[in-house]
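Numbering (this note's numbering), first residue to last: 3 to 223.
Every residue, glycine too, gets a C-beta built ideally from N, C-alpha and C.
Since the structure is predicted, the reported quantities are computational estimates derived from the model, not experimental observations.
Here is the structure:
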């Protein structure tokens, strides 16, 4: 409790370790909350939780509450999962895909993800998983980062086609992206254009927490 109280004055790091995928992972008390950070950015809770919660609000909490199966690509500490459980009271099935097993070990220890009964965590590459899965989803959250970098496959036409195929009619995709330069802006413009070819309605919420842009897609047919 003392560390939590002191964190309102200054951040207090309580855990740090190296990771093959994320390089550096830290757990810190900040403003009374535990957050997970990589070397250069917030990985879970803190600003990232605010960003993804805004995206979920734009989709609609009531709509999400009535969904049956949600896919999370990029779990990290599980902040979007906590929002689904604690704020939306989502009763359905959640499948979380995370490439880094060390991240999940930390998330279980500090954020108790392993205590969420409807959550199934799969250690796999997001691209490989979407190729293999035969399930259909009401909501797909794409939040795949390696520190501040986003893998190139996320923006390839094949991946976009595949996640649209896995989406139920009237289902949604919440795509979290980071804009750090002009090339990133052009990349996102192409992404939005590619999704427009998939019989989807699209809107973007730019400059969330300064560097993030949320892209929200609804499958129309």
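- For residue 85 versus residue 55, is the C-beta distance shorter than 7 angstroms? Cβ atoms of residue 85 and residue 55: closer than 7 angstroms.
- Task: Identify whether residue 9 lies in helix, strand or coil by the three-state DSSP scheme.
- Result: Under the three-state reduction of DSSP, residue 9 is assigned to coil, being neither helix nor strand.
- Query: Which residues bound the alpha helix (DSSP H) around residue 66?
  - Reply: Run containing residue 66: 63 to 67, per the alpha helix (DSSP H) assignment.
- Sequence-distant residues of its chain with Cβ nearer than 6 angstroms to residue 105 (five each side left out): 78, listed in sequence order.
- Task: For residue 3, count neighbouring Cβ atoms within 10 angstroms of its own Cβ and tell me buried if that reaches 16, exposed if not.
- Result: Exposed.
- Does the stretch 152 to 171 touch the stretch 123 to 132, meaning 3 or more C-beta pairs lie closer than 8 angstroms? Enough Cβ pairs lie closer than 8 angstroms, so yes.
- Query: Within this structure, are the beta carbons of residue 142 and residue 175 separated by less than 7 angstroms?
  - Reply: At a Cβ-Cβ threshold of 7 angstroms, residue 142 and residue 175 count as neighbours.
- Span of the beta strand (DSSP E) holding residue 92? Careful: residue 92 lies outside any beta strand (DSSP E) and carries neither H nor E.
- Item | C-beta atoms of residue 216 and residue 48 nearer than 7 angstroms | The answer is no: Cβ separation not under 7 angstroms.
- Member of 5, 15, 50 whose CA lies at the smallest distance from the CA of residue 147: The option with the nearest alpha carbon to residue 147 is 50.
- Alpha carbon to alpha carbon, how far is residue 8 from residue 158? Give it in angstroms, no decimals. One alpha carbon belongs to residue 158, the other to residue 8, and they sit about 45 angstroms apart.
- N-terminal and C-terminal residue of the beta strand (DSSP E) that residue 36 is part of: That run of the beta strand (DSSP E) goes 35 to 39.
- Contact belief for residue 99 with residue 74 at Cβ below 8 angstroms, rounded distance in angstroms: Confirmed, Cβ separation roughly 7 angstroms.
- Residue(s) in a DSSP beta bridge with residue 117: Residue pairing for residue 117: DSSP places it in no beta bridge.
- Message: By the three-class DSSP mapping on this structure, what secondary structure does residue 135 have?
- Response: Three-state result, residue 135: coil.
- Item | Spatial neighbours of residue 107 in its chain, beta-carbon cut-off 6 angstroms, leaving aside the 5 residues before and after | Correct list: empty, nothing qualifies.
- Just list the alpha helix (DSSP H) runs in the stretch 129 to 204, keeping only unbroken ones of 4 residues or longer that don't cross its boundaries, in chain order. You should have 159 to 167, 184 to 198.
- Taking the C-alpha atoms as reference points, what is the distance between residue 137 and residue 168? In this model, residue 137 and residue 168 are separated by some 7 angstroms (Cα to Cα).
- Item | Where residue 51 sits in the DSSP three-state scheme | It is helical.
- Going by alpha carbons, who is nearest to residue 22 out of 113, 135, 101? Relative to residue 22, the option among 113, 135, 101 whose CA is nearest is 101.
- Distance between residue 177 and residue 222 (C-alpha atoms, nearest Å): A direct Cα-Cα distance of roughly 17 angstroms separates residue 222 from residue 177.
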